[in-house]
Amino acid sequence: MSIEEHLKNAQLYLNEAFKLYEEGYRADVCEKVWAAVKHSTIALTTRFLGVSEPKGIPWREFVREAFEKAGLSRDEASYWASYFIDVRRSLHGDCFYGLYYEESEHKPLIERAPRYVNLVAELVKRGSTS
28 MSIEEHLKNA QLYLNEAFKL YEEGYRADVC EKVWAAVKHS TIALTTRFLG
78 VSEPKGIPWR EFVREAFEKA GLSRDEASYW ASYFIDVRRS LHGDCFYGLY
128 YEESEHKPLI ERAPRYVNLV AELVKRGSTS
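Numbers 28 to 157, taken from the numbering used here, label the letters of the sequence shown in order.
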């Protein structure tokens, strides 16, 4: 799958997540947000690191490095790498697989997803012209 296809899929999953949120399907929302974040991250790491998965380093470090290579400061890159880990653990793991949804814990992660997806799309597009 191309970088552009990953970005397109991220947006499609994100749109579906917010539609499902309105319908009250919280576990499905969490999985769709995870899919959007995962597809965005694959686009980011492929564009800036040349690979979609880490080899020999933790995911947090891998994603942070991709954000730094895309031009973010270390603090910003660390923030968004932590967001990726939180979504994977809380939305994908706890909510979707664990069937445990807590509004105060999970809703803020859901609400931040558009910022992540849009930021990555902007960075990838900017990186493809340099």
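Backbone N, C-alpha and C fix where the C-beta goes; we use that ideal spot for every residue, glycine too. In this text the structure is predicted, and so the values were computed from the model without any measurement.
Item, Value
"Consult DSSP for Ala148 and reduce its assignment to one of helix, strand or coil.", "helix"
"Cα separation between Ala108 and Arg87?", "5 Å"
"What do you reckon, are the CB atoms on Leu199 and Val144 nearer than 8 Å?", "Residue coverage of the chain in this structure runs from 28 to 157, which leaves residue 199 outside it and unanswerable."
"Quick one: complete alpha helix (DSSP H) runs, 4+ long, within the segment 46-87?", "53-76"
"Between Leu118 and Val60, is the Cβ-Cβ spacing less than 8 Å?", "yes"
"By how many angstroms is the C-alpha of Ala54 removed from the C-alpha of Leu47?", "9 Å"
"Thinking C-beta only, is Tyr106 closer than 8 Å to Arg139?", "no"
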